[in-house]
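Residue 37 in this note's numbering is what sits at position 37 of the sequence shown, and the numbering runs on without skipping anything. What follows is a single structure, written as structure tokens, with notes after it.
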Amino acid sequence: HPRGTATKVEGGYRVSGHKRFASQSTVGTVMSTMATYEDPEQGLRVLNLAVPFASEGVRILDNWDTLGMRG
């Protein structure tokens, strides 16, 4: 299962979690990710989400040395 979780809110979902790798995130605008959602009627669901990097609460940590990708 994905490590992130989703909670239903007005207009969509609030996602909480941590994505370990997000190559090209410093130049992208949207990240593709998955999160689990506990649906009251259907039980545990896995959601595929497109999350804009400009969304409130999204942080990009520039802590990955990409030297190996410079070949």
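Quick reminder that beta carbons are idealized off the backbone N, C-alpha and C, glycines included.
Cβ shell of ASN48 (< 6 Å), same chain only, five flanking positions each side left out | For the purposes of this step, residue 48 is taken as the residue at position 48 of the sequence shown. Correct list, in chain order: MET34.
So ALA50 is in the beta strand (DSSP E); what residue range does that whole segment cover?
-> Your numbering for residue 50 matches position 50 in the sequence shown. 43 to 52 is the span of the beta strand (DSSP E), which, as asked, contains ALA50.
What residue range is occupied by the uninterrupted beta strand (DSSP E) comprising THR7?
-> Counting from 1 along the sequence shown, the entry for residue 7 is found at position 7. Note, THR7: beta strand (DSSP E), 5 to 9.
Straight-line CA distance for VAL15 to ASN63?
-> On the sequence shown, residue 15 is found 15 positions in, with the first residue counted as 1. On the sequence shown, residue 63 is found 63 positions in, with the first residue counted as 1. Approximately 22 Å, taken between the alpha carbons.
What is the rounded straight-line gap between the Cα of GLY43 and the Cα of ALA50?
-> Sequence index remark: in the sequence shown, residue 43 carries index 43 (1-based). Sequence index remark: in the sequence shown, residue 50 carries index 50 (1-based). Their Cα atoms are separated by approximately 22 Å.
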